[in-house]
Amino acid sequence: MSRNNAGLSTDRIIIEALRIIDGQGLRRLTMRRLGDALEVEAMAVYHHFPLGKEQLFDAIAAYIIDLDRADPDGEAAAEQDGEDGAAEEPEEEPVDLPWDERLRAWAHRYRAALLRHAGALQLLINRRPDTVPALRSTELLYAAFAEAGLDGGAVVSAAAAFESYVTGAVIREVRSRGLESPSPAALDGRFPTVTALRDVPVDHARQFDEGLEALLTALVPVRA
């Protein structure tokens, strides 16, 4: 393909950008490096994203949280996550499932999507959830909690807590696998409880499921 002949789609650009982010980190993504990976001139990328990198970042964030979209790397990523102790991405949740099963399915799929592209988490944190994929998720959460018997502000608060739990759990898991501080603090008498529990094995998938169940119970108490 000629470097001046784009032959591109926005999805192909986003997918290649995510490969760079996943493999090298967000800071390594430049329009020139992306063009080289796509074997086109950088201007061909600008043809699809005329406002530049920030417009591309917006599209990447929307792409990651679009749980209805088939990720071309999803199968391989799910297998790798399974080996690392993370839950494999479940299949799309049927709309006829009970409200709590729909919420569990969404939580696991959202967690899998965020873990798969953990290098791009910053893009989600800094952007409003006002895209179609984001609103689709909000609709699912609101409808499920409304079906559970909540209404008005209780629905909004429950959905916010539920999404915050999933996002926070992912951030905590990603940090635990990140780079060690150049000057880590010694585990000594200042931190007696942490020191005593330092050898307890951490199963992130199990912790996630246990926390999810505790949260659901707290958000929607069983009515007598």
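Each residue of the sequence shown is one higher than the one before, counting from 1 in full-length UniProt numbering.
All C-beta atoms, glycine included, are put in the ideal place defined by N, C-alpha and C.
Problem - Three-state class that DSSP yields for V45 in the structure shown - result: Here V45 sits in helix by DSSP.
Exercise for the section: Verify whether the separation of the beta carbon atoms of I60 and A134 is less than 8 Å. Expected result: The answer is no: Cβ separation not under 8 Å.
Practice task
Take the Cβ of M31 as the centre, count every other Cβ of all protein chains shown within 10 Å, and call the residue buried at 16 or more, exposed below.
Solution key: So M31 ends up on the buried side.
Practice task
Give the straight-line distance between the Cα atoms of S127 and Q55, rounded to the nearest whole angstrom.
Solution key: Note on residue identity: the sequence assigns Arg, not Ser, to residue 127. When rounded, the distance between both Cα atoms is 11 Å.
Practice task
Assign A76 to one of three DSSP states: helix, strand, or coil.
Solution key: Only weak support exists for where A76 lies, its pLDDT of 36 falling under 50; the value from the coordinates is given anyway. In the structure shown, A76 sits in a helix (DSSP, three-state: H, G or I).
Problem - Close beta carbons around residue 311, own chain, < 8 Å, minus the five adjacent residues each side - result: One cannot answer for residue 311 here, as it falls past the ends of the chain, which runs 1 to 224.
Practice task
Please state whether DSSP places I60 in a helix, a strand or coil.
Solution key: Three-state result, I60: helix.
Exercise for the section: Compute the beta-carbon to beta-carbon distance between A148 and W99, rounded to the nearest angstrom, for a pair I have assumed lies under 8 Å. Expected result: Rounded, the Cβ-Cβ distance is 5 Å, consistent with contact.
Practice task
Look up D81 in the DSSP assignment and say whether it is helix, strand or coil.
Solution key: Since pLDDT at D81 reaches only 47, below the 50 mark, its modelled position is unreliable, and the value read off the structure follows with that caveat. Reduced to three states, the DSSP call for D81 is helix.
Handout entry: Residue range of the alpha helix (DSSP H) that includes I14
Key = It spans T10 to Q24 - the alpha helix (DSSP H) in which I14 sits, taken as one unbroken run.
Practice task
Please classify P192: does DSSP put it in a helix, a strand, or coil?
Solution key: Annotated three-state conformation of P192 is helix, per DSSP.
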